[in-house]
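Engineer:
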Amino acid sequence: MYMIVMKLNPEPFEKIKSHKKIWEVRLNDDKRKGVHIGDRILFKKQPELLEGVLAKVVDIKHFNSFEEMSEVLSLTSVGFEPGATKQDCVDCYHKYYTPAEEQKFGVVAFKLEVV
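For any residue, its number in the numbering used here is found by taking its place in the sequence shown, counting from 1, and adding 10.
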């Protein structure tokens, strides 16, 4: 079993903690490629990083882009409010990752079970 630490902004952190967000979506970079089903992710709430929530990875899905991910996964399960559009989703992730990074690494979604 492997454990990785990931930082989260307060809103998605609280949604994972309250079981409203069940998929964590990231760039599929080298750090994320090492995560497997059964591993645990310790999410630390930014900016202080004093509060954490531990989750088990119960499924993993890979996508070529955030747009493709938004067509497969329910946006509310990824943490978006009801009524959010696919474009809202893509625009949100492009605040953190450039389209060039997205094209280079692809996208990974971890299905979580808070433990």
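C-beta: ideal position from N, C-alpha, C; glycine also.
1) Span of the beta strand (DSSP E) holding I14?
2) Nearest to H72 by CA position, among K66, K55 and S80, is which residue?
3) Find out if the Cβ-Cβ distance for the pair K31, G89 is shorter than 8 Å.
4) So, do the segment 20-31 and the segment 101-115 have three or more beta carbon pairs nearer to each other than 8 Å?
5) From the DSSP output, read off the bridge partner residues of I70.
Structural biologist: On the basis of the coordinates in this document:
1) M13 to L18
2) S80
3) yes
4) no
5) F120
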